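Using this note's numbering, you'd call the opening residue of the sequence shown number 5 and step up by one each time.
Think of the CB as a built atom: it goes at the ideal place given N, C-alpha and C, for glycine as much as any other residue.
Just so it is clear, the structure is predicted and the values come from calculations on it, not from any experiment.
Everything on this sheet refers to the single structure shown next.
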Amino acid sequence: MIKDELVRESIPEQRNPSLARSLGRVMFAFVFTAALLWATIVLAGIALSGVELFALVLVLSAAFIAVLDAWREIRFGAAARRSSEDCGGDSVSDAGK
């Protein structure tokens with residue numbers, strides 16, 4: 005029994021995002037990852053101490069967690085799309101039938 009009303013009433017397009025949407029998420033995650041790496045390299049050269057250093061570490065660790073979460077979401081979304089296609093869900097090869 006599904007208790008979440010959003011899952012029960014959602015249409016297949018909402019449960020299984022398109023390839024273009026998934027590719028967009030990958031590109032955003034890639035750009036954010038690159039920006040985080042660049043910021044880490046640039047900010048590592050700054051001589052900070054005390055509260056300033058703690059604040060920098062806190063902000064960079066939050067950004068790192070956001071990057072990990074974005075890539076985890078992409079990985080689970082791709083796995084869900086593959087399992088949907090394996091179970092006879094919407095796929096490109098079914099379009100001509």
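Residue i, buried or exposed, once every other Cβ within 10 Å from all chains shown has been counted against 16
i      : result
Ala-33 : buried
Arg-85 : buried
As assigned by DSSP and simplified to three states, the class of residue i
i       : result
Leu-41  : helix
Gly-146 : With the chain covering only 5 through 101, there is no way to say anything about residue 146.
Ser-65  : helix
Ala-51  : coil
Ser-87  : helix
Identity of the residue in the options nearest residue i by Cα
i      : options                : result
Phe-68 : Thr-37, Ala-24, Leu-27 : Thr-37
Beta-carbon proximity of residue i to residue j, cut-off 8 angstroms
i      : j      : result
Val-30 : Ile-78 : yes
Leu-52 : Val-71 : no
Quiz item: Does the stretch 22-30 touch the stretch 52-70, meaning 3 or more C-beta pairs lie closer than 8 angstroms?
Solution: Judged by Cβ distances under 8 angstroms, the stretch 52-70 makes no contact with the stretch 22-30, as fewer than three pairs qualify.
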